[in-house]
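Peer 1: To start, I am sharing the structure in question, which I have written as structure tokens.
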Amino acid sequence: MNRLKSAALAAVALCVGIAPALAQEVTLRVHHFLPAPAPVPKNFITPWAEKVMKESDGRIKVEVYPSMQLGGGPPALFDQARDGVVDIVWTLPGYTPGRFPGTETFELPFMPAKAEATSQAFWDFYEKYLTEEFKDVHPIALHVHGPGLLHVKGEGVSSLEDMKGLKLRGPTRQTNALLSALGATPVGMPVPAMPEALSKGVIDGTVVPWEVTTPLKVAELVGSHTDFEGPRGLYTATFVFAMNKAKYDSLPADLKAVIDANSGREMSKWVGRVMDEGDAPGIVAAEKAGNVIRKLPEDEVARWKAAAEPVVEAWVAEVTGKGYDGAAMVEDAKSMISKYADAN
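According to our numbering, the stretch in the sequence shown is residues 20 to 363, in order.
In structure tokens:
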């Protein structure tokens with residue numbers, strides 16, 4: 020009888036010890052650089068956080084800190100996730116030039132279709148080529164913004180010749196290389212710094228998608244917007260929504276499963292769609308401001324593509340020298356994008 024009683028007590032003690040582990044609760048702090056009302060924070064990051072909290076039965080608490088509220092500048096975000104300063108970040112790999120050469124494939128001239136399609140392709144591309152580049156974090160989503168365009172003071176740009184001498188803000192190394200090839204003077208800076216640079220005349224214009232022009236009130240700071248005919252846009256930038264690897268690894272299996280269910284291609288597609296849907300208010304704001312909105316015809320676009328081709332050639336040569344198969348990556352990216360863009 021004593022043996023049975025001891026066994027029962029041991030079993031109870033074991034269950035008491037297991038219960039807290041099974042009911043483990045965690046808090047994840049998400050850090051990013053845009054104001055909370057901007058399309059991606061409002062329509063992806065916050066809903067994603069709410070979805071994770073609900074599907075974990077409240078055991079995962081997600082706190083979102085916009086506009087760099089936890090300190091540092093946008094270029095520091097990736098390392099904040101890597102080093103565990105925060106748990107999750109949303110940022111651009113391009114804010115640290117040269118560090119993520121493989122991601123630049125999607126930032127090459129005239130590569131992107133709409134963001135929803137291109138973001139799905141970017142996740143596939145990550146799985147094939149970029150796992151080593153992102154080995155220091157746990158990626159949740161990888162995506163792009165919608166096709167970028169020119170937003171310039173005054174009458175702006177209606178031909179390739181109008182680019183000569185313009186000081187234009189660019190987000191990434193490859194975009195800046197493109198601007199140089201087109202005759203402009205690139206000025207690299209994170210997007211939050213752009214409105215002040217425009218208002219003070221530090222730059223003549225910027226390249227961004229329509230989506231980000233609304234929260235940053237770009238239409239009030241420029242007079243024209245130049246887009247491009249054809250199935251592919253001038254450029255895009257890549258983004259990563261990623262978690263600290265040690266934090267992910269520390270989760271119990273059931274909470275890992277919640278994060279896993281809210282990661283991958285479908286999440287990348289979701290945030291890409293948010294980017295596309297965010298373009299419409301930007302166009303409306305530009306129309307209300309009375310700005311010039313133009314779309315260059317395909318014969319003129321062909322001239323821009325020809326001027327941009329050396330950028331692609333230089334990138335292929337550079338990354339091939341680093342051990343990548345640059346030419347294959349460019350062709351694979353185009354094929355992967357077409358797979359999703361042509362299906363719509």
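Just so it is clear, CB atoms sit at the ideal spot from N, CA and C, and this is done for glycine as well.
1. Please tell me whether S86 has its Cβ less than 8 Å away from any Cβ of chain C.
2. Among V171, E317, E146 and P85, which residue has its Cα nearest to the Cα of G249?
3. Among the candidates L53, G165 and G173, whose CA atom is the shortest distance from the CA of V311?
4. Taking V81 as the reference, give the member of M286, G92 and I64 with the closest Cα.
5. Which whole-angstrom value is the C-beta distance of P305 and A238, which I expect to be below 8 Å?
6. Under the rule that 16 or more other beta-carbon atoms within 10 Å means buried, what is S282, buried or exposed?
7. What separation, rounded to the nearest whole angstrom, lies between the Cα atoms of D102 and K307?
8. Just to check my reading of the structure: P166 and L253 have Cβ atoms closer than 8 Å, yes? What is that Cβ distance to the nearest angstrom?
9. What does P158 pair with, by DSSP beta-bridge criteria?
10. Do D143 and M355 have their CB atoms nearer than 8 Å?
11. How would you write the range of the alpha helix (DSSP H) that S75 sits in, first residue to last?
12. Which full runs of the alpha helix (DSSP H) of 4+ residues lie inside the stretch 73-123, going along the chain?
13. Is the stretch 339-358 close to the stretch 143-163, with three or more CB pairs under 8 Å?
14. Going by the CB atoms, is the gap between P58 and M286 shorter than 8 Å?
15. Count the other CB atoms, across all protein chains shown, that sit within 10 Å of the CB of E123; report buried if there are 16 or more and exposed otherwise.
16. So, with DSSP's three-state summary, where would you put L235?
17. Sort A276, R284 and A327 by Cα distance to S75 and report the nearest one.
Peer 2: This is what the structure gives:
1. Absent from the structure is chain C; it holds one protein chain and no more.
2. Start at 1 with the first residue of the sequence shown, and residue 249 comes out as number 230. With distances taken between Cα atoms, G249 lies closest to E317.
3. For the purposes of this step, residue 311 is identified with residue 292 of the sequence shown, where counting begins at 1. Looking at the Cα atoms, G173 is the closest of the given residues.
4. The residue given as residue 81 occupies position 62 in the sequence shown. Taking only the C-alpha atoms, the option nearest V81 is I64.
5. Numbered from its first residue, the sequence shown carries residue 305 at position 286. Numbered from its first residue, the sequence shown carries residue 238 at position 219. Strictly speaking, residue 305 in this sequence is Ala, with Pro absent from that position. The Cβ separation is near 4 Å, so the contact holds.
6. Taking the first residue of the sequence shown as 1, we reach residue 282 at position 263. S282 should be labelled buried.
7. Sequence index remark: in the sequence shown, residue 102 carries index 83 (1-based). Sequence index remark: in the sequence shown, residue 307 carries index 288 (1-based). Approximately 45 Å between the Cα atoms of the pair.
8. Taking the sequence shown and counting its residues from 1, the one referred to as residue 166 is at position 147. Taking the sequence shown and counting its residues from 1, the one referred to as residue 253 is at position 234. Contact flag correct, Cβ pair sits at about 6 Å.
9. To locate residue 158, count along the sequence shown from 1; it is residue 139. Bridge partners of P158: A261.
10. The sequence position of residue 143 within the sequence shown is 124, counting from 1. The sequence position of residue 355 within the sequence shown is 336, counting from 1. It is a contact, given that the beta carbons lie within the stated cut-off.
11. Stepping through the sequence shown from its first residue, residue 75 is reached at position 56. Counting along the chain, S75 falls outside any alpha helix (DSSP H), and DSSP gives it neither H nor E.
12. 96-102
13. yes
14. Start at 1 with the first residue of the sequence shown, and residue 286 comes out as number 267. Start at 1 with the first residue of the sequence shown, and residue 58 comes out as number 39. Not in contact: M286 and P58 (Cβ atoms no closer than 8 Å).
15. Counting from 1 along the sequence shown, the entry for residue 123 is found at position 104. By the neighbour-count rule (16 or more Cβ atoms within 10 Å), E123 is buried.
16. Taking the sequence shown and counting its residues from 1, one reaches residue 235 at position 216. Reduced to three states, the DSSP call for L235 is coil.
17. To locate residue 75, count along the sequence shown from 1; it is residue 56. Among A276, R284 and A327, the Cα nearest to that of S75 belongs to A276.
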